[in-house]
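A.B. asks: Handing you a structure now.
Have a look at this one:
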């Protein structure tokens, strides 16, 4: 049977861990959007050097496990004299990881817009960059919001991996209290519940954003 006294007593502590998880997720999402948009534009650009860097970045991240990437940043970089600490290592690792997946999502949304849109923008005297910002990206946004939202939800769940680099978020908070209470079922059950709350809330907010974007493009 569940020990409700344990759940009631430790739930506030796990809730604080969930807030840290949310904070990490949002910061990683921002970094991931910046990296993803930059990589997508570089991959679609005409500069072979930038295109090569973007392709290498996307290939490297998508072909290696997130856990290994976190270990390289947190445990490996200090060997080169770069010690970022667990918090910054976690945010950077998650941001770079989701950024590679965002890049392909954004690139797919951009290429789905017909070439006629770009030609019409150029006929109006717009540069390629201006046409991308005013014509292409706003139209692509409606297409890419759902998959970007899925990436964000996956990101929230992937934050559990930063517990392996001693970042005290929701999962590591639960693990630490298991050591003192010997109640793994209750602790992991509370953690699972809080993850479900975070992902469900994100799904609802993203759904509203998608509907609003669709209404704005009609």
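Numbering (our numbering), first residue to last: 23 to 240.
Glycine residues also receive a C-beta, built at the ideal position from the N, C-alpha and C atoms.
Taking DSSP as the reference, what is the three-state secondary structure of residue 135?
C.D. replies: Coil.
A.B. asks: Going by alpha carbons, who is nearest to residue 177 out of 23, 134, 46 and 33?
C.D. replies: The shortest Cα separation from residue 177 among 23, 134, 46 and 33 belongs to 46.
A.B. asks: Is it true that the region 93 to 105 meets the region 138 to 155, where meeting means three or more beta-carbon pairs spaced less than 8 Å apart?
C.D. replies: At 8 Å Cβ cutoff, the stretches do not touch.
A.B. asks: Assuming residue 122 and residue 84 make a contact with CB atoms under 8 Å, what is their CB distance in whole Å?
C.D. replies: Yes, residue 122 and residue 84 are in contact; Cβ-Cβ is about 5 Å, under 8 Å.
A.B. asks: Which value, in whole angstroms, describes the spacing of the CA atoms of residue 160 and residue 54?
C.D. replies: Using only the alpha carbons, I get a separation of about 19 Å.
A.B. asks: What's the gap between the Cα of residue 237 and the Cα of residue 164?
C.D. replies: Approximately 10 Å between the Cα atoms of the pair.
A.B. asks: Can you tell which of 24, 120 and 93 has the C-alpha that lies nearest to the C-alpha of residue 60?
C.D. replies: Checking every option, the nearest Cα to that of residue 60 belongs to 120.
A.B. asks: Does the Cβ-Cβ distance between residue 129 and residue 66 come in under 8 Å?
C.D. replies: Taking 8 Å as the Cβ cut-off, residue 129 and residue 66 qualify as a contacting pair.
A.B. asks: Mind checking residue 173: buried by the 16 CB within 10 Å criterion, or exposed?
C.D. replies: With 16 or more Cβ atoms within 10 Å of its Cβ, residue 173 is classed as buried.
A.B. asks: Considering Cα atoms alone, identify which of 92, 234 and 205 is closest to residue 114.
C.D. replies: Per the Cα distances, 92.
A.B. asks: Would you tell me roughly how many angstroms separate the C-alpha atoms of residue 31 and residue 183, rounded to the nearest one?
C.D. replies: When rounded, the distance between both Cα atoms is 25 Å.
A.B. asks: Throw me the rounded Cβ distance for the residue 244 and residue 181 pair, which I believe falls under 8 Å.
C.D. replies: Nothing about residue 244 can be reported from this structure: the residues present for the chain run from 23 to 240 only.
A.B. asks: Among 127, 43 and 229, which has the Cα closest to the Cα of residue 189?
C.D. replies: The residue with the shortest Cα to Cα distance from residue 189 is 43.
A.B. asks: Just the Cα atoms here: how many angstroms apart are residue 209 and residue 235?
C.D. replies: One C-alpha to the other measures close to 39 Å.
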